[in-house]
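594 is the number that our numbering gives the last residue of the sequence shown; the numbers go up by one with no jumps. Note that beta-carbon positions come from the ideal geometry of N, C-alpha and C, so glycine has one too. First comes the structure, then the notes that go with it.
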Amino acid sequence: MVLEQEQLKDDKLETLRHSAAHVMAEAVQSIFPDAKFGIGPAIENGFYYDFDLPRSLTPDDLPLIEAKMAEIIASNLPFIREEVTKEEARRLFASQPYKLELIDEIPDEKVSLYRQGSFVDLCRGPHVSSTGEIKAFKLIGTAGAYWRGDERRPMLQRIYGVAFDTQEALAEHLRRLDEAAKRDHRKLGRELDLFSIHEEAGPGLVHWHPKGAVIRRLIEDFWKDEHIKRGYDIVYTPHIAKLDLWRTSGHWEFYRDYLYSPMEVEGQEYIIKPMNCLGHILIYKTKLRSYRELPIRYAELGTVYRYERSGVLHGLSRVRGFTQDDAHIFCRFDQLEDEVAAVLDLARFMVDTFGFTHYQVLLSTRPEKYAGSIEVWEKATEILRRALDRQGLTYNVDPGEGVFYGPKIDIKFEDAQGRAWQGPTIQVDFNLPQRFDVTYVGQDGQEHQVAMIHRTVLGSMERFLASLIEHYGGVFPVWLAPIQAVVIPVADRHVDYAYQVDGELKSTGVRVVIDDRSETVNHKIREAQLDKIPYMLVVGDKEVANSTISVRLRSGEQLPPQSLDSFKETITMAIKTKTKGLK
Ligand SMILES: [Zn+2]
Ligand SMILES: [Zn+2]
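Have a look at this one:
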């Protein structure tokens with residue numbers, strides 16, 4: 012019952028949002044009488060409309076359009092539905108090429124129109140009864156959008172708006188948008204000097220700066236250590252391989268659109284790898300494997316390249332080259348459940364360590380087109396269910412959403428803003444072991460096909476860093492902070508002592524720097540604060556005389572003066588506890 016009410020509320024909001032799109036279109040038409048109209052659907056939290064306009068919109072246009080919308084809403088114009096023949100519709104929209112194209116695609120004889128005031132639109136509806144019902148809206152931005160998402164068609168101008176049923180809900184949403192903008196990893200990545208992407212090098216290709224590289228190295232070291240503890244072997248495989256290998260695997264056939272064109276080397280075609288799986292299979296197959304050796308778990312921080320349209324690339328979260336924290340497990344079928352349960356345990360441990368406490372788990376089952384037999388699919392899906400139950404994970408089933416080669420588990424974790432990030436994935440594969448004849452010798456002396464698992468626990472280094480930046484808002488926990496402490500001498504006469512403090516901390520393994528520029532202490536503290544450095548160690552006359560340091564936290568909190576030994580204990584503890592005790 013509660014669910015039904017929620018659904019009703021969602022439908023009502025969707026109708027409201029779509030109606031707001033019509034109002035926006037009327038406002039745009041009154042400002043640009045020659046505007047050509049694309050489409051204007053409701054989307055999550057709001058709506059958009061695509062326009063073909065005589066000039067580019069600027070941010071200054073939005074308040075004007077908003078003001079016009081407010082007028083239309085204040086006039087409380089009714090939305091009136093009409094049905095006309097396609098012929099009449101074509102006459103009505105004679106100067107609207109995009110609408111004419113849409114009319115041609117409608118299979119019915121009659122089409123429906125919605126009219127409010129002087130504006131009429133081709134639309135299936137539904138709408139609110141009159142414009143006055145739109146109580147709370149705001150236009151939030153513009154973007155270029157190809158007509159029908161097709162790069163060969165004209166580029167239209169899209170205006171985005173948000174709309175809610177109350178002013179309070181709108182204000183809360185805008186506050187969240189503002190917070191999200193502050194935490195945007197592209198903005199913080201630049202401000203904190205973590206990474207860059209260069210038009211000269213190509214879109215979607217990430218350059219990790221020293222500070223970003225520190226974070227990545229820490230994640231990688233932690234990841235490797237944990238994998239070794241849990242029985243994985245670390246391997247490395249080449250970045251390019253012969254195209255024939257990808258023909259055998261089926262990638263060339265099924266994923267062609269995501270692969271880069273082959274390059275020729277001594278008359279042979281090679282491609283840059285889109286996945287790490289095949290290298291691991293080749294390593295496995297260098298020997299005859301006995302059932303006693305299994306499971307074999309190969310882990311690699313493997314960099315792969317996949318083609319993504321430039322329009323969908325986004326900072327670190329959608330890129331063309333990325334390093335997966337990949338692993339492949341080769342095991343017997345009877346070991347599958349234990350292995351999947353162990354991967355789930357590892358995935359949770361990793362995600363928890365980085366401070367993500369909420370996740371959604373999805374089990375994707377057999378799609379329409381699939382490799383292998385139904386019985387094996389059913390069995391494997393059941394094994395994934397049992398492993399999830401064993402780990403006490405609640406999950407939703409996504410029927411038919413598995414990849415063609417086997418069922419999978421996806422875990423999405425939520426950041427501090429409640430936004431979901433694609434995290435761990437675990438896939439069972441019936442296809443590759445068969446195509447590459449990956450086997451082991453059983454107790455019976457016969458060769459059997461292995462069960463193969465593909466899995467990542469963080470996803471990729473790039474996307475995971477994006478999620479970390481936004482989750483922490485750039486305020487990384489001490490163990491991940493690129494610079495953990497800055498020593499700030501008050502005057503030149505304190506510089507020697509500052510170097511002493513710096514040296515002792517460095518020998519403890521702390522990432523510390525000295526700021527001995529001739530700036531004021533306040534200025535240096537402000538900069539350290541902007542860099543979100545966890546500890547600012549100020550040393551002046553008193554500190555030199557007493558062999559102490561004054562510790563200031565990035566939260567602004569001032570700790571009492573303390574000996575260097577006591578501070579070493581504090582910072583060592585903070586590093587060790589990782590996300591717990593985060594300040
Ligand atoms: Zn409509
Ligand atoms: Zn794989």
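Residue i Cβ short of 6 Å to ligand 1 heavy atom set
i: Y125; result: yes
i: C134; result: yes
Reduced DSSP category for residue i - H, G, I as helix; E, B as strand; rest coil
i: K253; result: strand
i: A585; result: helix
i: Q107; result: coil
i: E277; result: coil
i: T177; result: coil
i: M166; result: strand
i: V7; result: With the chain running from 12 to 594 in the structure shown, residue 7 is simply not present.
i: D426; result: coil
i: H209; result: coil
i: F441; result: coil
i: E8; result: A query on residue 8 cannot be resolved here, the shown segment of the chain reaching from 12 to 594 and no further.
i: L312; result: strand
i: F90; result: coil
i: A31; result: helix
i: E77; result: helix
i: Y266; result: coil
i: G574; result: According to the sequence displayed, residue 574 carries Ser and not Gly. Of the three classes helix, strand and coil, the one that applies to S574 here is strand, per DSSP.
i: S301; result: strand
i: G322; result: helix
i: T559; result: strand
i: D132; result: strand
i: A46; result: coil
i: V95; result: strand
i: Y451; result: strand
i: Q40; result: helix
i: K121; result: strand
i: G150; result: Note that residue 150 corresponds to Leu in the displayed sequence, not to Gly. In this structure, L150 counts as strand in the three-state DSSP scheme.
i: T436; result: strand
i: R66; result: coil
i: T590; result: coil
i: K419; result: strand
i: V550; result: strand
i: Q127; result: strand
i: G456; result: coil
i: D204; result: coil
i: D356; result: helix
i: L199; result: helix
i: D161; result: coil
Cβ-heavy atom distance, residue i to ligand 2, below 6 Å
i: M286; result: yes
i: H465; result: yes
Through-space distance from residue j to residue i, alpha-carbon basis
i: T519; j: H482; result: 29 Å
i: L270; j: I239; result: 32 Å
i: I582; j: T559; result: 15 Å
i: I437; j: Y370; result: 15 Å
i: R186; j: A192; result: 10 Å
i: H339; j: E275; result: 29 Å
i: R522; j: D363; result: 24 Å
i: M584; j: E231; result: 21 Å
i: A462; j: F367; result: 31 Å
i: V354; j: L404; result: 13 Å
i: G592; j: E264; result: With a pLDDT of only 43 at G592, under 50, the local geometry of the prediction cannot be trusted, and the value read off the model is given with reservation. So the two alpha carbons sit approximately 50 Å from each other.
i: D119; j: E393; result: 45 Å
i: E530; j: I226; result: 29 Å
i: E538; j: D552; result: 23 Å
i: F62; j: S123; result: 21 Å
i: P273; j: Y247; result: 22 Å
i: Q279; j: K296; result: 23 Å
i: Q573; j: G322; result: 54 Å
Minimum Cβ-Cβ distance from residue i to chain C less than 7 Å
i: P435; result: The structure shown has no chain C; it contains just one protein chain.
Q. Which residue spans inside the region 358-406 form an unbroken beta strand (DSSP E) run of at least 3?
A. Counting only runs of 3 or more, we get 370-375.
**Q.** Those runs of the beta strand (DSSP E) which lie wholly inside the region 461-548 and span at least 3 residues
**A.** As far as the region 461-548 is concerned, its whole beta strand (DSSP E) runs of at least 3 residues are 462-471, 496-500, 523-525.
Q: List in chain order: all unbroken beta strand (DSSP E) runs of 3+ residues lying wholly within the region 212-253.
A: 217-219, 251-253
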